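Numbering (our numbering), first residue to last: 199 to 359.
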């Protein structure tokens with residue numbers, strides 16, 4: 199009897215070690231207005247990740263904080279600055295995707311800074327490649343790059359469940 203139960207689970211059970219499909223949900227970006235201590239912020243978040251069942255497979259939150267140089271009176275980026283920030287974000291996303299499964303969750307633009315949030319499958323990087331890449335970005339804009347273990351995606355919990 200146990201053999202049959204084992205075979206049934208093996209044939210029809212969900213493999214807990216692999217993400218369920220779709221691994222990358224359909225994109226659905228929403229814009230949120232957020233009141234922060236230092237003023238108004240705008241978050242552009244991929245709400246396609248709302249109730250995402252594979253969070254535990256991508257437990258590493260990579261965050262990039264970029265300094266906004268050309269800003270308006272509210273501390274938000276100008277249209278020209280937005281072009282530069284978007285190009286930098288595309289470069290960062292491309293770099294991360296070279297060696298990781300990357301879930302681009304979104305960005306928050308606030309007084310003087312833009313925060314970009316990703317979830318990754320693992321936190322390991324070739325340290326020299328990482329340094330060289332971010333040194334190149336630092337020549338254009340000051341940035342801060344951090345990775346935190348966040349298996350339940352609490353860091354983006356204000357935007358997606």
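The beta-carbon is built from N, C-alpha and C at its ideal position, and this holds for glycine as well.
Nothing here was measured: the structure is a model prediction, and the numbers come from that model.
By the neighbour-count criterion, in which 16 or more other beta carbons inside 10 Å mark a residue as buried, residue 225 falls on the exposed side.
Contact check for residue 257 against residue 349 passes: the beta carbons are separated by less than 8 Å. Annotation for residue 278: 268 place their beta carbon closer than 8 Å to its own, counting only its chain and skipping 5 residues before and after. Residue 242 is positioned such that its CB atom lies closer than 8 Å to that of residue 305. In this structure residue 259 does not touch residue 328 by the C-beta definition: roughly 16 Å separates them, more than the 8 Å allowed.
Under the three-state reduction of DSSP output, residue 276 falls in the coil class, being neither helix nor strand. Ranking 358, 253, 230 and 341 by CA distance to the CA of residue 215 puts 253 first. Scanning the stretch 252-324 from its first residue to its last, the whole alpha helix (DSSP H) runs of 4-plus residues come out as 277-295. The three-state secondary structure of residue 347, taken from DSSP, is strand. Within 10 angstroms of the beta-carbon of residue 229 lie fewer than 16 other beta-carbons, which makes it exposed. The beta-bridge partner set that DSSP reports for residue 246 is empty. Checking the DSSP bridge columns, you'll see residue 229 partnered with 242. The residues 256 and 317, in chain order, have a CB closer than 6 Å to that of residue 301 in the same chain once the five nearest residues on each side in sequence are set aside.
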